[in-house]
Amino acid sequence: MAAFASLSEQREFADNVMSKGNAVIIGAGIMGLAHALTALEAGWSVVVLERDGRPLGASVRNFGTLWPIGCTFGPEREQALFGVQRWKELAPEAGFSIKPQGSLSLAYRPEAWAVLKEFMANAGAMADGFELLEPDEVLKRFPAVNPTGLRGALRSLAETVVQPASSIAALAALVKKRGATVLFGTPAVKIHADAVETSDGRRFAFDRLVIAAGDEMRLFYPDECAAAQLHRCRLQMMHTGAAAGGVQARRDPGERPDAVSLSGVSQLSELTAASSAVG
Ligand SMILES: Cc1cc2nc3c(=O)[nH]c(=O)nc-3n(C[C@H](O)[C@H](O)[C@H](O)COP(=O)(O)OP(=O)(O)OC[C@H]3O[C@@H](n4cnc5c(N)ncnc54)[C@H](O)[C@@H]3O)c2cc1C
423 MAAFASLSEQ REFADNVMSK GNAVIIGAGI MGLAHALTAL EAGWSVVVLE RDGRPLGASV
483 RNFGTLWPIG CTFGPEREQA LFGVQRWKEL APEAGFSIKP QGSLSLAYRP EAWAVLKEFM
543 ANAGAMADGF ELLEPDEVLK RFPAVNPTGL RGALRSLAET VVQPASSIAA LAALVKKRGA
603 TVLFGTPAVK IHADAVETSD GRRFAFDRLV IAAGDEMRLF YPDECAAAQL HRCRLQMMHT
663 GAAAGGVQAR RDPGERPDAV SLSGVSQLSE LTAASSAVG
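Written as structure tokens, this is what we have:
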């Protein structure tokens, strides 16, 4: 199954645990394609099974922001930075665009400004790439920002933007170019001990299986998913309109400033906590 607890675990998987054989991967979203690339690099023979004619899942419906600032300092951030680096390395060969725009977290409430300052203080040795900006500096460098009540901002350089649909399509093509069999319109319907069965009755034998089917995991492991008390939910960000007194997290292509911007208490966990505290 997909997901590694740490970067070193992922490397160990690629370097030591995997021996050559057949890897079957269910799902051609970012998780499936990333595992396909890793397995190919480790010398596996790879088959990717995707139920739709092209990837239509979360990986093409997202905002395309590679967002290390949302991760806690330590192994989680290290993993996120590794991920950004990987995207940058793959972009030229796959042929998708990638923009290292950075991000700007704006503070309008005293609590938010206090948390940004605390964030900076906690960054310690990892403070490289972060800058705490006073209002004058924010407005000089980012004139689109609403000045009313602005207390300051945190500028971070690591955040990077890709176009979700075109980058996922390009990565699928790259996986194919590097030697995998990528089958679209091929739903996996049953997992046997050593093979995956597809809706057309074919069986794909595997030595290793990666199930990267997003929330469709329930199809294969209904009891386990129920036991884990997983619940499907909607992403409320999809309903968010223009932020009052700020700039939006995302706007139409061509309208972007030179940073992904967020205001209020929308991203940092500390900020969310501060938000709940103040109501
Ligand atoms: C609106 C939105 C905004 C987001 N914003 C961001 C963001 O800015 N930055 C960020 O990092 N993350 C963001 N995310 C989260 C991120 O998009 C997901 O975590 C990620 O795409 C999950 O990838 P995945 O491959 O697991 O799932 P998916 O992309 O859903 O891929 C699963 C694939 O499996 C296929 N599949 C399912 N069942 C079968 C089957 N039986 N047989 C064959 N194929 C099957 C599906 O068709 C699908 O293509 C956002 C998500 C959403 C929805």
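Positions 423 to 701 (the numbering used here) are the ones given, in order, by the sequence shown. Glycine is no exception: its CB is placed at the ideal position from the N, C-alpha and C atoms. The structure presented is a predicted model; accordingly, all values stated were derived computationally and were not measured.
Item                                                                                        : Value
Candidates 474, 464, 460, of which the one nearest residue 449 by Cα                        : 474
Start-to-end residues for the beta strand (DSSP E) that takes in residue 610                : 610 to 613
Integer Cβ distance of residue 586 from residue 481, believed to fall under 8 Å             : 6 Å
DSSP bridge partner residues for residue 520 (one or two, in chain order)                   : 584
Contact the stretch 486 to 497 vs the stretch 576 to 593: 3+ CB pairs below 8 Å             : yes
Inside the stretch 601 to 659 only - beta strand (DSSP E) runs reaching at least 3 residues : 603 to 605, 610 to 613, 617 to 620, 625 to 627, 630 to 633
Which residues DSSP lists as bridging residue 552, in chain order                           : 578
For residue 445, the residue or residues it bridges with in DSSP                            : 468, 630
Collapsed DSSP secondary structure at residue 460 in the structure displayed                : helix
Beta-carbon proximity list for residue 555, same chain, < 7 Å, skipping 5 on both sides     : 574, 575, 577
Check whether residue 458 and residue 447 have beta carbons under 8 Å apart                 : yes
Integer-rounded CB distance, given that residue 600 should sit under 8 Å from residue 443   : Not confirmed; about 17 Å, so no contact.
Distance cut-off 7 Å: residue 471 Cβ against heavy atoms of ligand 1                        : yes
Whole-angstrom distance between residue 505 and residue 634, CA atom to CA atom             : 17 Å
The stretch 524 to 536 / the stretch 558 to 574 touching (three or more Cβ pairs under 8 Å) : yes
Separation of residue 521 from residue 675, as counted between CA atoms                     : Confidence at residue 675 is low in this model, with a pLDDT of 38, below 50, so the placement of that residue is unreliable and no value is reported for it.
For residue 568, the first and last residue of its enclosing alpha helix (DSSP H)           : Per DSSP, residue 568 belongs to no alpha helix (DSSP H) and is neither H nor E.
Reduced DSSP category for residue 488 - H, G, I as helix; E, B as strand; rest coil         : strand
Buried or exposed (CB count within 10 angstroms, at least 16 for buried), residue 548       : exposed
Closer than 7 Å: residue 483 CB and nearest ligand 1 heavy atom                             : yes
Heavy atom of ligand 1 within 7 Å of residue 474 beta-carbon                                : yes
Closer than 7 Å: residue 638 CB and nearest ligand 1 heavy atom                             : yes
Residue 512 beta carbon less than 8 Å from that of residue 596                              : yes
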